[in-house]
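Enquirer:
In my numbering, the protein residues as written are 2 to 173.
#1: Comparing C-alpha positions only, which one of 131, 169, 23, 19 sits nearest to residue 99?
#2: Specify, as a first and last residue, the run of the beta strand (DSSP E) that residue 57 falls within.
#3: Which residues does DSSP list as the beta-bridge partners of residue 133?
#4: Leaving aside the five residues before and after residue 85 along the sequence, list all residues of the same chain whose C-beta is less than 6 Å from its C-beta, in chain order.
#5: Under a CB-based cut-off of 9 Å, is residue 85 close to chain C?
#6: Which residue or residues does DSSP assign as beta-bridge partners of residue 42?
#7: Distance check for residue 39 and residue 53, CA to CA, integer angstroms please.
#8: Taking a contact to mean a Cβ-Cβ separation below 9 Å, would you say residue 37 touches residue 58 in this structure?
#9: If we count the other Cβ atoms within 10 Å of its Cβ and call it buried at 16 or more, is residue 112 buried or exposed?
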């Protein structure tokens, strides 16, 4: 229970259990190399327990830049190129806002978040990356993000996003 231990209050009094193994090096999530494997992850609260059998993250560098891969029960993903992980979502918004600046946007239901108007940020044009995402199940993700989505079959996204060129090419 991370709240009882005084580590964080972000997840309330939920109890977390897991087995983890990590072999990593780096100074931040953007340059870390190695792997992190989490087995038998569980998060419990009020008699409800959600589980993930496997979550594995591999990261490193190659000729294309930095890469990070996620393999898990619920999804597989890979990001490859030159990017700041924390800014990936903003990169998508920046490119869309550049192409459709008058696009209205209002997001409700993301527990505690509300965004009105699609706003691109100036000066953040350093992310150029390819992305692959295949989501097989949403399950507990919906519960913790407050999203009202269901899927009947896997969802896949594959493509490239370039803030430098203000271009996006995604296959859904």
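Here a beta-carbon is modelled for each residue, glycine too, at the ideal position from N, C-alpha and C.
Expert: Concretely, from the data shown:
#1: The residue given as residue 99 occupies position 98 in the chain shown. Measuring from the Cα of residue 99, the nearest candidate turns out to be 169.
#2: Translated into positions along the chain shown, residue 57 becomes position 56. Element bounds for residue 57: 49–63.
#3: For this step, residue 133 is matched to residue 132 along the chain shown. 79, 159.
#4: For this step, residue 85 is matched to residue 84 along the chain shown. These residues qualify, in order along the chain: 31.
#5: The structure shown has no chain C; it contains just one protein chain.
#6: Taking the chain shown and counting its residues from 1, the one referred to as residue 42 is at position 41. According to DSSP, residue 42 bridges with 53.
#7: Within the chain shown, the letter at position 52 stands for residue 53. Within the chain shown, the letter at position 38 stands for residue 39. Annotation: residue 53 to residue 39 spans about 9 Å, alpha carbon to alpha carbon.
#8: As a first step, residue 37 is located in the chain shown; it is residue number 36 there, counting from the start. As a first step, residue 58 is located in the chain shown; it is residue number 57 there, counting from the start. With respect to residue 58, residue 37 sits close: the two C-beta atoms are nearer than 9 Å.
#9: As a first step, residue 112 must be located in the chain shown, where it is residue number 111. Bear in mind that the predicted position of residue 112 carries a pLDDT of just 47, short of 50, making it too unreliable to give a figure here.
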